[in-house]
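To keep things clear, I will list the structure first and then write my remarks on it.
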Amino acid sequence: MNRHTERIAELVAKMKADNPQIIDLFLDQKLEDAAMLALLREQTSAVMQQQYPKAWAYYTGEEQTEQDYYKLMSTSMAYLRLMDYLDNEGKSFEDMNLKGQTVISSPLLLLRKILLGQECSFTLDFLEDMAHLMAQLSGAEERIIPTRNQVQEWMERHPSGLD
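Here the sequence shown is numbered in our numbering, starting from 62 and rising by one per residue.
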């Protein structure tokens, strides 16, 4: 097994361990894609309303000031991101990085294909990002906040901020 394939297997195993409830939805082959997305939306909405009401209020637009944003926790941000993925799944966008080429946003269905072992094209960066999201959703990812001294050291290494 090559290093790339090993890393994919590690990330898939990590997602299954960090967030088995959500990953089980993706792996349920009895569910059509649309049904899986609908069930994921339903469960995510319920969790947000019950456990993260500030995030739900921000998502629904009830509280959308800058101060409201900064009150959100890391896990709340992960749920907002998941809802954004659900809201935009299957939509077309002009990708200016591809000179205006139209692309379809489908990160959740792509993740499902990866988890089911179906043939699809993706980058390792995408899978790393999804693994971080799943860990963040479950609270399994430890959020390390750098010390003031660490930030100062980083800033001194790059005085212009342009490096």
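For every residue, glycine included, the Cβ atom is placed at its ideal position computed from N, Cα and C.
The structure displayed is predicted, hence computed values, not measured ones.
I69 and L188 look like a contact to me (Cβ under 8 Å); what is the Cβ gap, rounded to whole Å?
6 Å
In the DSSP assignment, find the unbroken beta strand (DSSP E) run with D156 in it and report its ends.
153-156
What does the alpha-carbon distance come out to for the pair W215 and E203?
21 Å
Distance between T126 and M144 (C-alpha atoms, nearest Å)
19 Å
DSSP state of I83 mapped onto helix, strand, coil
helix
Quick one: Cα of Q82 to Cα of L185, how far?
23 Å
Are M109 and A118 close, meaning C-beta to C-beta below 7 Å?
no
At which residues does the alpha helix (DSSP H) containing T126 begin and terminate?
Neither: T126 is in no alpha helix (DSSP H) and is coded neither H nor E.
Hey, could you find the ends of the alpha helix (DSSP H) Q213 is sitting in?
209-218
Give me the Cβ distance between A139 and L194, rounded to the nearest whole Å; I'm assuming they're in contact under 8 Å.
6 Å
What span of residues does the beta strand (DSSP E) with Q162 cover, start to end?
162-165
Between L170 and the rest of its own chain, which residues show a CB-CB distance below 6 Å, the 5 nearest in sequence each way excluded?
D94
Own chain residues within Cβ distance below 6 Å of S199, not counting five before or after
D79, N80
Quick one: using the 10 Å Cβ neighbour count with 16 as the cut-off for buried, is A192 buried or exposed?
buried
Range covered by the alpha helix (DSSP H) that runs through N63
Per DSSP, N63 belongs to no alpha helix (DSSP H) and is neither H nor E.
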